[in-house]
Every structure is written in structure tokens, then in C-alpha cells.
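What follows is one structure encoded as C-alpha cells, with my remarks underneath.
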Amino acid sequence: MLRATPDGVRLAVRAQPGAKKTAITGIYGEAQTAQLKIAVHAQPIEGRANAALIEFLAETFGLPRSAIAIVSGELSRSKVFLLRGITMARATAALAQTTVW
938 MLRATPDGVR LAVRAQPGAK KTAITGIYGE AQTAQLKIAV HAQPIEGRAN AALIEFLAET
998 FGLPRSAIAI VSGELSRSKV FLLRGITMAR ATAALAQTTV W
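938 is the number of the first residue of the sequence shown in our numbering; add one for each residue after it.
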């Protein structure tokens, strides 16, 4: 789910667009293939769900939106994001503070 890189941290996400609200809902998969499951209020039309995911991740990890990039899966529910300028410890701590899952 989280992997350290020289630029920051990569985060594997399983998006669920069209939800009532945007929130972390759990873990999708196991071990090496585990992804953070995030329900997204926006519909997957014209990049709205991706934009909503970036906004949500920026708030969750305390980063500017410009520090978050989609590395793979732009048109898929399974995505990988690069969170630039954050350490693995800070990313893990930010996820631990979420109370939803």
C-alpha cells in the first residue's frame, strides 16, 4: 500500500467513485497487493474523481495538491499516487490518525 521512494511515498489506492461522501473505507487486497480503499463522492467523468482523490489525499497527508501525482491507473479504479516531499514515517502517521477504518 505504502512504498518509500527517493521522491517521497507511493500509495496504492482502490477508488470507489459515486459514493455518498469521500472517505477511507478500508483495505482492498492483501500483503504486497494491498490498496487503500477510498470512497469518492465525485463521479468518474472528465477526471472529477481523480481530482477529488488528489484533494482528499492532500488534506489527509497535509500536502499541497501539487505534491500529489497519479503515477498509474488514471482511468482505472486501481491507482498509484506519488506523494512528493513526505517521509514514510509521516505518511504512516497520517494514515494512523484517520478514524474511519
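Backbone N, C-alpha and C fix where the C-beta goes; we use that ideal spot for every residue, glycine too.
A direct Cα-Cα distance of roughly 22 Å separates Ala971 from Pro981. If only complete runs of 3 or more residues are kept, the region 963–1027 shows the beta strand (DSSP E) at 972–977, 1005–1009, 1015–1021, in order along the chain.
Within the same chain, Arg940, Val1017, Leu1019 come within 6 Å of Arg947 by CB-CB distance, once the 5 residues on both sides are set aside. With a cutoff of 7 Å on beta-carbon distance, Met938 and Ala956 are scored as not near each other. Listed as beta-bridge partners of Gln953 by DSSP are Ala976. For Thr942, the uninterrupted beta strand (DSSP E) segment begins and ends at 939–942. By the C-beta density criterion, Thr1029 is exposed, having fewer than 16 other C-beta atoms within 10 angstroms. Residue pairing for Ala960: DSSP places it in a beta bridge opposite Ala976.
With 16 or more other Cβ atoms from the protein chains shown falling within 10 Å of its own Cβ, Ile991 counts as buried.
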